[in-house]
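Here's the structure, in structure tokens; my notes come after.
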Amino acid sequence: MINTTLVTVGTTKYDELLKEINKEEFFNSLVKIGCKNLIIQYGNSILPEDFPKNKFTLKNGTILNITTYKFKFDNIKEHGFKEDMIKSDLIISHAGSGTILDSLELKKKIIVVPNETLMDNHQSELADAMSKKGVIISSPLSELVNTLNNLENFEFKPFLKENNNTFVNILDDIMGFEI
Amino acid sequence: MSLILWIEVFSAINAIVIGYTLLFLKNYFNTNKKGRKEPVSTMIVFGSGGHTTEMVRLVKNLPKTRYSPRNYVVADNDDMSKEKMSQIENNATDAKLIEIPRSRKVHQSFFTSIFTTLNAMVYCFIYNYKHQPELIICNGPGTCIPVCYSALVLSWLMPWRKNGFGHLKIIYVESLARVKSLSLTGKLLLPTASRFILQWPELYTKITGVEIKENGKLVSTHHPTTPEQTKSMTQRIIYKNDLM
Chain V
33 MINTTLVTVG TTKYDELLKE INKEEFFNSL VKIGCKNLII QYGNSILPED FPKNKFTLKN
93 GTILNITTYK FKFDNIKEHG FKEDMIKSDL IISHAGSGTI LDSLELKKKI IVVPNETLMD
153 NHQSELADAM SKKGVIISSP LSELVNTLNN LENFEFKPFL KENNNTFVNI LDDIMGFEI
Chain H
2 MSLILWIEVF SAINAIVIGY TLLFLKNYFN TNKKGRKEPV STMIVFGSGG HTTEMVRLVK
62 NLPKTRYSPR NYVVADNDDM SKEKMSQIEN NATDAKLIEI PRSRKVHQSF FTSIFTTLNA
122 MVYCFIYNYK HQPELIICNG PGTCIPVCYS ALVLSWLMPW RKNGFGHLKI IYVESLARVK
182 SLSLTGKLLL PTASRFILQW PELYTKITGV EIKENGKLVS THHPTTPEQT KSMTQRIIYK
242 NDLM
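Chains as they are written, first to last, in my numbering: chain V, 33 to 211; chain H, 2 to 245.
This is the structure in structure tokens:
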């Protein structure tokens, strides 16, 4: 069940994603999967002027609460962006490797929407490779609403390991410590 | 008179050359000894955004008694990295933050980045001289380049130090974000790294020409155009799919 959804673009400029989520069908799909709160971190992108403030009321009267902001910094503990990630159940993100890793670390469901307008786009390679492993969903911008509608059929596989010592073992070996 | 002077100069040079050669040989045969007890002076290069997130995952389980002191290199004005460092270290007394000027800003032109890299290089020489790292861990931000090159030059110039030739280990982990091609930093550091770790099978096969099987299934096929020179590096280049 999805209660809170976070849309994030990090520090990038990704106006197309914000334009795509400023649609009634997007809000409808969110509410259909149980979402009550939508948080949007828009960074250096432009939030459309007609984007609903504070809430969006569906035709059937259901209310979707909306929070938007540019940035929140982690060192201000009460208002940290990390806190918002923690309380979210679904994260919709640009293909930044930092956001993907952070979301996986917090065991969140994540839909990555690669920015197709970027020229040298090795970040979408990461999104593709990770979605091939079944740990995230990679969705083209135009398919975002469809992806949301099919979210319940998708099983997210775990990717990160708890207390992973693989790297430490490599170091111990090369530095001459007993493993 | 001048002949004696020349003989003296010649024997002085000779002594230096022989001294260096002996040190090199000693270091060469002393590397890869097992059963080490004394701690390793470690330098960890932080970058920005995704690089730092990955690096935190790699080093947060480091045994702190074995890897001490730990110096975290950060490009200046990178508050996120400073914050992450204090999160993993909890004010440990043997951990320190080192700030160096940024060597290349995003979108900076290649030409001007030569000068900013040189500027960063000067700082790196000073810090590397001071801290004598035996181990440098890096994963791809531009800051890695001056840090590793200056440390390498110092280890050749001063082979008698504990991180002298052969004892300085550079561990390079290519970022998870690089699935099909090496980053520029990766290409530049490939010749210097003692271990060069790749996290995606396709990339490993592309660089080494070695195919990879997972659960009995071939996940990446041979690339016939692999250069001979990288083939000979296969020992140092390793593939790990469970690093994170």
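Here a beta-carbon is modelled for each residue, glycine too, at the ideal position from N, C-alpha and C.
Quick check on DSSP: helix, strand or coil for Y73 (chain H)? In the structure shown, Y73 (chain H) sits in a strand (DSSP, three-state: E or B).
Is any beta-carbon of chain V found at less than 8 Å from that of V41 (chain H)? Closer than 8 Å to some Cβ of chain V, the Cβ of V41 (chain H) qualifies, so yes.
For Y173 (chain H), write down the residues that DSSP places opposite it in a beta bridge. Residue pairing from DSSP places Y173 (chain H) in a beta bridge opposite H:C139 and H:F197.
Going along chain H, which residues have a C-beta under 8 Å from T198 (chain V)? From the beta-carbon of T198 (chain V), the residues of chain H found nearer than 8 Å are K241, D243 and L244.
Helix, strand or coil at N120 (chain H) according to DSSP, with G and I counted as helix: DSSP places N120 (chain H) in helix when its eight states are reduced to three.
Helix, strand or coil: how does DSSP classify F112 (chain H) here? It is helical.
What did DSSP end up calling I108 (chain V) once you bin it into helix, strand or coil? Below a pLDDT of 50, predicted positions are generally treated as unreliable, and I108 (chain V), at 46, falls in that range; no measurement from the model is reported.
Contact set for N76 (chain V): own chain, Cβ-Cβ below 7 Å, skip 5 residues either direction: Once the five neighbours on either side are set aside, the close Cβ partners of N76 (chain V) are T43, T44 and K45.
Identify each residue in the region 178-201 of chain H for which the Cβ-Cβ distance to at least one residue of chain V is less than 9 Å, and report them in chain order. Those residues of the region 178-201 of chain H placed with their C-beta closer than 9 Å to a C-beta in chain V are A178, R179, V180, K181, S182, S184, S195, R196, I198 and W201, ordered along the chain.
Mind checking K85 (chain H): buried by the 16 CB within 10 Å criterion, or exposed? In summary, K85 (chain H) is buried, with 16 or more beta-carbon neighbours lying within 10 Å of its beta-carbon over all protein chains present.
Using the rule of at least 16 other Cβ atoms within 10 Å of the residue's Cβ for burial, across every protein chain shown, is Q236 (chain H) buried or exposed? Counting the other Cβ atoms within 10 Å of the Cβ of Q236 (chain H) gives fewer than 16, which makes it exposed.
G208 (chain V) vs K35 (chain H) beta-carbon contact at 8 Å: Less than 8 Å divides the Cβ of G208 (chain V) from the Cβ of K35 (chain H).
Interface flag, L116 (chain V) vs chain H, CB-CB below 8 Å: Note on identity: in this sequence residue 116 (chain V) is Asp, with Leu being the wrong assignment. Answer no: the Cβ-Cβ gap between D116 (chain V) and chain H never drops below 8 Å.
Of all the beta strand (DSSP E) runs that stay within the bounds of the region 63-150 of chain V, which reach a length of 3 or more residues? Here the runs fully enclosed are 69-73, 87-89, 95-101, 122-125 and 141-144.
What is the residue span of the beta strand (DSSP E) that Y46 (chain V) lies within? Per DSSP, Y46 (chain V) lies in no beta strand (DSSP E) and is assigned neither H nor E.
Across which residues does DSSP place S221 (chain H) in a beta bridge pair? In the DSSP output, where bridge partners are listed per residue, S221 (chain H) has H:I213.
Looking at the unbroken beta strand (DSSP E) that takes in M44 (chain H), where does it start and where does it end? Counting along the chain, the beta strand (DSSP E) containing M44 (chain H) begins and ends at V41 to V46.
List the residues of chain H whose Cβ lies closer than 8 Å to the Cβ of M33 (chain V), in chain order. Think of a sphere of 8 Å around the beta carbon of M33 (chain V): no beta carbon from chain H falls inside it, the nearest being about 28 Å out.
Say whether the region 8-26 of chain H touches the region 38-52 of chain H, bearing in mind that this needs 3 or more beta-carbon pairs closer than 8 Å, one atom from each stretch. Touching, no, given that fewer than three Cβ pairs across the two stretches are closer than 8 Å.
Could you pull out every residue in the same chain whose Cβ sits closer than 6 Å to the Cβ of V220 (chain H), ignoring the five residues on either side in sequence? Spatial neighbours of V220 (chain H) in its own chain (CB-CB distance under 6 Å, excluding positions within 5 residues in sequence) are listed in chain order as P202 and I213.
Please work out which residues of its chain come closer than 6 Å, Cβ to Cβ, to M122 (chain H), disregarding the five sequence neighbours upstream and downstream, and give them in chain order. P147 and S151.
V57 (chain H) lies in the alpha helix (DSSP H); which residues open and close that run? Per DSSP, V57 (chain H) belongs to the alpha helix (DSSP H) from G50 to V60.
Could you round the C-beta distance between I123 (chain V) and T179 (chain V) to whole angstroms and report it? I think they count as a contact, below 8 Å. That pair is no contact at about 13 Å.
Might you give, ordered along the chain, the residues of its own chain that have their beta carbon closer than 6 Å to the beta carbon of K141 (chain V), omitting 5 neighbours on each side? For K141 (chain V), same chain residues with a beta-carbon under 6 Å away, outside a window of 5 residues either side, are L122 and F188 in chain order.
Could you tell me if E110 (chain V) is buried or exposed, where buried requires 16 or more neighbouring beta carbons within 10 angstroms of its beta carbon? Below a pLDDT of 50, predicted positions are generally treated as unreliable, and E110 (chain V), at 46, falls in that range; the measurement from the model is reported next regardless. For E110 (chain V), the number of other beta carbons within 10 angstroms of its own is below 16, and it is reported as exposed.
By Cβ distance below 8 Å, which residues in the same chain neighbour Y130 (chain H) in space, the five residues on each side in sequence not counted? Cβ neighbours of Y130 (chain H) within its own chain (closer than 8 Å, five residues either side excluded): L155.
Of the listed residues V:K68, V:E157, V:E137 and V:S120, nearest to A127 (chain V) (C-alpha basis): For A127 (chain V), the closest alpha carbon among the candidates V:K68, V:E157, V:E137 and V:S120 is that of V:E157.
Would you verify that the beta carbon of K170 (chain H) is, or is not, closer than 8 Å to some beta carbon of chain V? Yes, K170 (chain H) lies at the interface with chain V (some Cβ there is under 8 Å from its Cβ).
Quick check on H126 (chain V) - is its C-beta less than 8 Å from some C-beta in chain H? No - not a single Cβ of chain H is within 8 Å of the one on H126 (chain V).
Which of the three DSSP states, helix, strand or coil, is assigned to V39 (chain V)? Correct three-state label for V39 (chain V): strand.
Any idea what DSSP makes of K97 (chain H), helix, strand or coil? In this structure, K97 (chain H) counts as strand in the three-state DSSP scheme.
Would you kindly work out how many angstroms separate the C-alpha atoms of L190 (chain H) and N147 (chain V), rounded to a whole number? Distance from the CA of L190 (chain H) to the CA of N147 (chain V), rounded to the nearest whole angstrom, comes to 29 Å.
Looking at chain H, is there any beta carbon in it that lies within less than 8 Å of the beta carbon of L38 (chain V)? So, not an interface residue.
Quick check on DSSP: helix, strand or coil for I239 (chain H)? Here DSSP, grouped into helix, strand and coil, assigns I239 (chain H) to strand.
N- and C-terminal bounds of the alpha helix (DSSP H) containing N91 (chain H): First-last for N91 (chain H): undefined, no H or E at that position.
Sort out for me which residues DSSP pairs Y68 (chain H) with in a bridge. Residue pairing by DSSP places Y68 (chain H) opposite H:V41 in a beta bridge.
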